[in-house]
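Following our numbering, the residues of the sequence shown are numbered contiguously, the last one being 263.
Where is the CB? At the ideal position from N, CA and C, for every residue including glycine.
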Amino acid sequence: MQGKATATIYANVVNVRATPKELILEFGVHFPVSPGAPPPDLANFVPEVRVVMQADALLQLAEAFTSAAKQHRASQVQAPIQKAQ
């Protein structure tokens with residue numbers, strides 16, 4: 179699809195549902211009005227984006243997330259501090 183811009187959407191809430199053949203991911207935004215505010219009410223959640231995936235695509239996504247998480251964790255490990263002699 180050349181010429182079509184890719185939308186970038188921020189989400190800090192995800193609602194996950196499943197059917198026997200599909201996984202449904204609904205992404206949205208929740209901004210608490212004060213520190214310690216309760217989590218969003220998912221019963222009344224209105225997603226910004228909904229992604230429906232078949233099982234084979236879900237497995238590919240799971241592998242990609244696992245790999246990305248491992249790389250992120252590895253980048254966060256700091257080298258031990260060496261003592262001056």
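In the displayed model, residue 226 falls within coil according to three-state DSSP, outside both helix and strand. For residue 243, the enclosing alpha helix (DSSP H) stretches over residues 233 to 254. DSSP places residue 193 inside the beta strand (DSSP E), whose first and last residues are 191 to 196. Here residue 201 has 231 and 236 as same chain residues with Cβ atoms under 6 Å from its own Cβ, once five neighbours each way along the sequence are excluded. Distance from the CA atom of residue 195 to the CA atom of residue 203, rounded to whole angstroms, is 7 Å. Residue pairing by DSSP puts residue 202 in a beta bridge opposite 195 and 230.
Residue 206 counts as buried, since at least 16 other C-beta atoms from the protein chains shown sit within 10 angstroms of its C-beta.
Annotated as distal: residue 233 and residue 182, with beta-carbon spacing of 8 Å or more.
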